[in-house]
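Take the sequence shown: its position 333, counting from 1, is numbered 340 in this note's numbering, and each next residue is one higher.
Just so it is clear, CB atoms sit at the ideal spot from N, CA and C, and this is done for glycine as well.
Computed from a prediction, not measured in an experiment: that's the story for all the values here.
Take a look at the structure set out below.
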Amino acid sequence: MAEQFDVSYDMVVVGGGGSGLSCAVQAAKDGLTVAVLEKKPELGGNTAFAEGHAAFESVEQDKRGITVTKDQAYRALLDYSHWNAKPALVARYVENADQTVLKMIEEGVVYHDVLVMESDEGLPTWHIPEGEMSGLLAVLKGSIQRLGVEVFLETRATSLITSDSGAVIGVVATDKDGEQVRIGAGAVTLAGGGFGSNAELLAKYTSYSHPEKIFPFGSDCATGDGLLMAEAVGGHPFHKIGTALLGPLMRGKTIISHTNCAGLQPYYWADADGRRFCNEIVALNFGHAGQTIAQQPAGYTWTIIDQATVRHLVEERCEIGMGIYIVAGQKLDTLPAELEADVAAGLTAFKGETLEELAAAIGVDPVGFVGDIEEYNQACATGKDTKFVKQEHLRPVAEGPFYALKMEAGILVTTGGIDIDEYMRVIDAKGEPIVGLYAVGCEAGGLYGESYCMTVNGASAGFALTSGWLAADHAAELIKAGQSA
Numbered sequence: 008m009a010e011q012f013d014v015s016y017d018m019v020v021v022g023g024g025g026s027g028l029s030c031a032v033q034a035a036k037d038g039l040t041v042a043v044l045e046k047k048p049e050l051g052g053n054t055a056f057a058e059g060h061a062a063f064e065s066v067e068q069d070k071r072g073i074t075v076t077k078d079q080a081y082r083a084l085l086d087y088s089h090w091n092a093k094p095a096l097v098a099r100y101v102e103n104a105d106q107t108v109l110k111m112i113e114e115g116v117v118y119h120d121v122l123v124m125e126s127d128e129g130l131p132t133w134h135i136p137e138g139e140m141s142g143l144l145a146v147l148k149g150s151i152q153r154l155g156v157e158v159f160l161e162t163r164a165t166s167l168i169t170s171d172s173g174a175v176i177g178v179v180a181t182d183k184d185g186e187q188v189r190i191g192a193g194a195v196t197l198a199g200g201g202f203g204s205n206a207e208l209l210a211k212y213t214s215y216s217h218p219e220k221i222f223p224f225g226s227d228c229a230t231g232d233g234l235l236m237a238e239a240v241g242g243h244p245f246h247k248i249g250t251a252l253l254g255p256l257m258r259g260k261t262i263i264s265h266t267n268c269a270g271l272q273p274y275y276w277a278d279a280d281g282r283r284f285c286n287e288i289v290a291l292n293f294g295h296a297g298q299t300i301a302q303q304p305a306g307y308t309w310t311i312i313d314q315a316t317v318r319h320l321v322e323e324r325c326e327i328g329m330g331i332y333i334v335a336g337q338k339l340d341t342l343p344a345e346l347e348a349d350v351a352a353g354l355t356a357f358k359g360e361t362l363e364e365l366a367a368a369i370g371v372d373p374v375g376f377v378g379d380i381e382e383y384n385q386a387c388a389t390g391k392d393t394k395f396v397k398q399e400h401l402r403p404v405a406e407g408p409f410y411a412l413k414m415e416a417g418i419l420v421t422t423g424g425i426d427i428d429e430y431m432r433v434i435d436a437k438g439e440p441i442v443g444l445y446a447v448g449c450e451a452g453g454l455y456g457e458s459y460c461m462t463v464n465g466a467s468a469g470f471a472l473t474s475g476w477l478a479a480d481h482a483a484e485l486i487k488a489g490q491s492a
């Protein structure tokens, strides 16, 4: 018996973030009828929290005299993954990311800079649009409206519909009125952003000490719906699933918070027991720092600063910024007032006139706490820390009052999910494509190993946009030829 649908489209895109909108725009330009299902009241997803996206040998790099070859990018992505990433998928992304820039310009996006993040040894691949990525999304939202793409907000896809042969031919969704809708499709693209806000799936697919304590720093809508739906029709997770953890971060603070920024500086860190546990130079790489915090037994750490360090941050500079929102070298002039407000709140910042008082405030043994700091201060005096081989950013903790900032790991996106091939087709356990089903952006696996690649700035957002239109083109070619996508 033929399936009964309430409505049908050539392409149904599940998720309205950067990858989903890129897919929808390209599919419509390819002549397909397109619907976007977004479970939130607005479009944007995790891409709305990004600043820029990666591309290689682009016109924007060329006009600024920046040279980043596709070969460099390919090697950087594969090397960072320890070659756990899929070479063919990485190659296809790298080869086409420059075309993504041209496509965005064609839609009306204007780029005001191409940067490299100051806190790592990355490549200058970070293409910053006017208004950052939320500005780019605004352009794409205008494009889908102009192209006649139908958008269903507050509509959650719950399962995929398959034919007798196993091909995906539609989606079951629940609309904003709670009604079930059956939507037919020539092809379905899963673009839900991964599972970064699903603690149960984080516990299943990662090895962090306390995955439930890792808080979503981006969108809270990335709950793994796409992965679960794909598994139900024969898909499976990529063998390496990791995260783009950012850290250390202070829960409840914004990206422009000066207290938050003070807490991620590479000065003096202690674990939940008050003991120093690593070379704080790890802070220079947000991804590595996030991994370090997340692996702590208690799931959080303390950044300890003294009054001299507060003055340094206010009057001189911070060593590490927060992307383009707080630039490295900026003075944290609102830090004193913000510190006092946070101390008064008593949740993320604590104060002691002496180190012993601070130890009592955060509930740690004062003997070990003070002993480690005294040992560190001696290392600062000699300019060499032999305990953790630290020779940079050695700032003593000696002048009261003293502050302890509770820092945790925040998750921006997951860096792996549904296993796909280089054409963005979801594949089964035997490596065969599931007809009619694609996965893009952070919904898909294969671009990374166990963690986000910090040396290719904007890699996740770049892959979102690029994989979106590549999936649309592949599906459109088959649908227009009268074949199953």
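query	result
Among P403, S216, T261, which residue has its Cα nearest to the Cα of A315?	P403
How many angstroms separate the CA atom of S88 from the CA atom of M461?	11 Å
How close, in whole Å, do the beta carbons of L320 and L342 come, if the pair is a contact with beta carbons under 8 Å?	6 Å
Look at the alpha carbon of A483 and the alpha carbon of D37, and state the distance between them as a whole number of angstroms.	6 Å
Ordered along the chain, which non-local residues of its own chain (more than five positions away) have a Cβ less than 6 Å from that of D232?	G199
Looking at the structure shown, is V371 part of a helix, part of a strand, or coil, going by DSSP?	coil
Going by DSSP, name the residue or residues bridged to D379.	D379 pairs with nothing; no bridge assigned.
Please go through the same chain and pick out, in chain order, the residues whose beta-carbon is closer than 6 Å to the beta-carbon of V433, but skip the five residues on each side of it.	A237, G242, I425, I427, I441, L444, A446
Hey, could you find the ends of the alpha helix (DSSP H) P343 is sitting in?	342-352
Give the DSSP-derived three-state secondary structure of G281 in the structure shown.	coil
On the DSSP bridge assignment, give the partners of H60 in chain order.	H134
With three or more beta-carbon pairs closer than 8 Å as the criterion, would you say the segment 50-67 touches the segment 14-29?	yes
Distance check for E363 and L339, CA to CA, integer angstroms please.	27 Å
Beta-carbon separation of H119 and E102 under 7 Å?	no
Pull up the distance between the alpha-carbon of L84 and that of I300, whole angstroms please.	23 Å
What number of angstroms, rounded off, separates the C-alpha of T107 from the C-alpha of A92?	21 Å
Quick test of your reading: T132 and K46, contact by CB under 8 Å. State the CB separation rounded to the nearest angstrom.	31 Å between Cβ atoms; not a contact.
Between K70, V20, V75, D13, which has its C-alpha nearest N464's C-alpha?	V75
Please classify I263 as buried or exposed, where buried requires at least 16 other C-beta atoms within 10 Å of its C-beta.	exposed
What is the C-beta distance between Q303 and A279, in whole angstroms, given that I count them as a contact (C-beta under 8 Å)?	7 Å
Given that a residue counts as buried once 16 or more other Cβ atoms are within 10 Å of its Cβ, and exposed if not, what is L354?	exposed
By how many angstroms is the C-alpha of Y430 removed from the C-alpha of A95?	9 Å
Could you check the C-alpha separation between V178 and L167 for me, to the nearest Å?	5 Å
Please list, in chain order, all residues of the same chain as K487 whose beta carbon is under 7 Å from its beta carbon, the five residues on each side excluded.	G38
What do you get for S204, buried or exposed, if any count of 16 or more other CB atoms within 10 angstroms of its CB means buried?	buried
Nearest to D349 by CA position, among G254, H265, L401, F293, is which residue?	H265
Just to confirm my understanding: we take Y215, look at its own chain, exclude 5 residues before and 5 after, and list those with CB closer than 6 Å. What are they?	A301
Taking the beta strand (DSSP E) that H243 falls in, what are its first and last residues?	Taken as a continuous stretch (DSSP letters only), H243 belongs to no beta strand (DSSP E), as it is neither H nor E.
How close, in whole Å, do the beta carbons of H134 and A62 come, if the pair is a contact with beta carbons under 8 Å?	5 Å
Answer yes or no: do A57 and M140 have a C-beta to C-beta separation smaller than 7 Å?	yes
Can you grab the Cα-Cα spacing for the pair L291 / S172, in whole Å?	51 Å
Could you tell me which whole beta strand (DSSP E) segments of length 3 or greater appear in the segment 136-212?	157-160, 163-169, 175-181, 187-197
Grab me the residues of D379's own chain with a C-beta within less than 8 Å of its C-beta, minus the 5 sequence neighbours each way, in chain order.	A277, G281, R282, R283
By the DSSP assignment, the beta strand (DSSP E) with A446 in it spans what residues?	440-446
My understanding is that C30 touches G475, with C-beta atoms under 8 Å, so please give their C-beta distance in whole angstroms.	4 Å
For chain B, is any of its Cβ atoms less than 7 Å away from the one on T40?	Absent from the structure: chain B. Only one protein chain is present.
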